[in-house]
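Heads up: the structure comes next, in structure tokens.
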Amino acid sequence: MIRRSLAIALLALPGLAAAQQPVCDPAGSQQEMNACAFDALAEDDAELNRVYRQVLASRPDDALFAQKLRDAQRLWIQLRDADLDALFPVADGVDPRIEYGSIYPLERAEAKTRMTRERTRYLREHWLDDNGR
């Protein structure tokens, strides 16, 4: 009986966690606005990954190109993260929400979204559009 109760309780945990996740509401609480920013970032990151795969697929027989593009993408991720750290500098051990306030997650997510959109546009313009290489 105890095992059955424990099993039922464990099965219910993911539902409880999902129920506590804030839902996007641009006019709602800070957490709900943060959820909107995180949703937008997830969508734009998925689009970046889709375009990146398209670029790789556009030259399937060019191993050198694929390696160079992978290297460039890894470096871009490092640059993006360094730029975010420069935009929102925080000393080790300091909570950025204390440094920048409760809007910090939203502002950082929005900055990351802008950078992601710029990278997607760059990949598309240089390798997928008609005027690209």
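Take the sequence shown: its letters are residues -19 to -1, 1 to 114, numbered as in mature numbering (1 follows the signal peptide of the UniProt record, and there is no 0). Positions of the beta carbon are idealized from the N, C-alpha and C atoms, including for glycine.
Original post:
If you count every other CB in all the chains shown that lies within 10 Å of the CB of L68, and 16 or more means buried, which is it?
Top reply: Here residue 68 refers to the residue found at position 87 when the sequence shown is read from its first residue. The residue in question, L68, is exposed, as its Cβ has fewer than 16 Cβ neighbours within 10 Å.
Subject >> Beta-carbon proximity list for W57, same chain, < 7 Å, skipping 5 on both sides >> reply: The residue labelled residue 57 in the question sits at position 76 within the sequence shown. If we look at W57 and ignore the five residues flanking it on each side, its Cβ neighbours are R100.
Original post:
So, T97 versus L22, is the Cβ gap smaller than 9 Å?
Top reply: Residue numbering aside, residue 97 sits at position 116 when the sequence shown is read from its first letter. Residue numbering aside, residue 22 sits at position 41 when the sequence shown is read from its first letter. Yes, Cβ-Cβ distance for T97 and L22 is below 9 Å.
Subject >> Exposure of K49, with buried meaning 16 or more beta-carbon neighbours within 10 Å >> reply: By one-based count along the sequence shown, residue 49 stands at place 68. Burial call: exposed.
Original post:
With a CB to CB cut of under 7 Å and the five nearest residues on each side skipped, what residues in its chain are close to V71?
Top reply: Counted from its first residue, the sequence shown places residue 71 at position 90. Closer than 7 Å at Cβ, skipping near neighbours: P77, E80.
Original post:
Alpha carbon to alpha carbon, how far is R51 from D62?
Top reply: As a position in the sequence shown, residue 51 is number 70, starting the count at 1. As a position in the sequence shown, residue 62 is number 81, starting the count at 1. Straight-line Cα distance between these residues: approximately 17 Å.
**OP:** Give me the Cα-Cα distance between L104 and L29, rounded to the nearest whole angstrom.
**Re:** In the sequence shown, the residue the question calls residue 104 occupies position 123. In the sequence shown, the residue the question calls residue 29 occupies position 48. Roughly 9 Å between the two C-alpha positions.
**OP:** Could you check what DSSP says for Q1 in three-state terms: helix, strand or coil?
**Re:** Position 20 of the sequence shown, counted from the first residue, corresponds to residue 1. Residue state, collapsed to three classes: helix.
Original post:
Whose C-beta lies closer than 6 Å to the C-beta of P3 among residues of the same chain, with five residues either side of it excluded?
Top reply: Residue mapping note: residue 3 aligns to position 22 of the sequence shown, counting from 1. Within the same chain, P3 has close Cβ partners Q12, E13, A16.
Original post:
For F19 versus A92, is the C-beta spacing smaller than 9 Å?
Top reply: Position 38 of the sequence shown, counting from 1, holds the residue named residue 19. Position 111 of the sequence shown, counting from 1, holds the residue named residue 92. Not in contact: F19 and A92 (Cβ atoms no closer than 9 Å).
Original post:
Would DSSP call I84 helix, strand or coil?
Top reply: Numbered from 1 along the sequence shown, position 103 holds the residue referred to as residue 84. I84: coil per DSSP, three-state reduction.
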